[in-house]
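*Asks:* Residue numbers (my numbering): -13 to 133. Take this structure, written in structure tokens, and hold onto it; I'll ask about it next.
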């Protein structure tokens, strides 16, 4: 069961689209479920996120978490945006079903991927930011199929 906020952000997503000449663009996916999330950031000279947009291919929870993530980082500094975790996204949406928690992880990773792109383009290092994974399951051991 989805919360009213999840349904609202799914049915009326905020900040859908692209930003031309974005300061940073981050794309992440989840090969297991097929969700793909791309976040665009417009960051000013004071390192404040002036605008944030997204494009997501995925389920309703993926759209809702993308929408909420853009709302949470808009107007924030890079440092503040780094503090937007999947838990913060879930709390802002009044929770997600356990099988949809990975959508909030995608949102966090997409923000980090866009910040990484910004840092690379500007030759800066953002403290605490690690090179993002293109797939949130990257580096995990493959589960053996038992027949």
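For every residue, glycine included, the Cβ atom is placed at its ideal position computed from N, Cα and C.
Three or more C-beta pairs under 8 Å: does that hold for the stretch 35 to 42 against the stretch -10 to -2?
*Replies:* No: fewer than three Cβ pairs fall under 8 Å.
*Asks:* Could you tell me which of 111, 2, -4 sits nearest to residue 56, measuring between CA atoms?
*Replies:* Closest option to residue 56, Cα to Cα, is 2.
*Asks:* Is the CB-CB distance between residue 14 and residue 96 below 8 Å?
*Replies:* Their beta carbons are under 8 Å apart, which means residue 14 touches residue 96 by this criterion.
*Asks:* The beta strand (DSSP E) spanning residue 45 covers which residue range?
*Replies:* Residue 45 -> no beta strand (DSSP E), and no H or E assigned at all.
*Asks:* Under DSSP, the alpha helix (DSSP H) around residue 24 begins and ends at which residues?
*Replies:* It is not in any alpha helix (DSSP H) - residue 24 instead sits in the beta strand (DSSP E) that spans 21 to 29.
*Asks:* So, for residue 71: in the same chain, excluding its five sequence neighbours on each side, which residues have a beta-carbon less than 7 Å away from its beta-carbon?
*Replies:* Result list for residue 71: 94, in chain order.
*Asks:* Starting from the Cα of residue 32, find the closest Cα among 118, 108, 52, 119 and give me that residue.
*Replies:* Nearest of 118, 108, 52, 119 to residue 32, Cα basis: 108.
*Asks:* Quick test of your reading: residue 59 and residue 22, contact by CB under 8 Å. State the CB separation rounded to the nearest angstrom.
*Replies:* About 19 Å separates the two Cβ atoms, so there is no contact after all.
*Asks:* What are the uninterrupted segments assigned as alpha helix (DSSP H) that are 4 or more residues long and contained completely in the stretch 44 to 110, given in chain order?
*Replies:* Whole alpha helix (DSSP H) segments, 4+ residues: 46 to 59, 64 to 68, 72 to 78, 87 to 108.
*Asks:* From residue 12 to residue 118, what does the alpha carbon distance come to, in whole angstroms?
*Replies:* Whole-angstrom Cα-Cα distance: 9 Å.
*Asks:* In the structure shown, what three-state DSSP assignment does residue 36 receive?
*Replies:* In this structure, residue 36 counts as strand in the three-state DSSP scheme.
*Asks:* Tell me which same chain residues have a C-beta within less than 7 Å of the C-beta of residue 111, skipping the five on either side of it?
*Replies:* So the qualifying residues of the chain are 105.
*Asks:* Grab the span of the alpha helix (DSSP H) containing residue -8 for me, first residue to last.
*Replies:* -10 to -3 is the extent of the alpha helix (DSSP H) around residue -8.
*Asks:* Whole angstroms are fine: how far does the CA of residue 54 sit from the CA of residue 20?
*Replies:* If I take the Cα positions, the gap works out to 20 Å.
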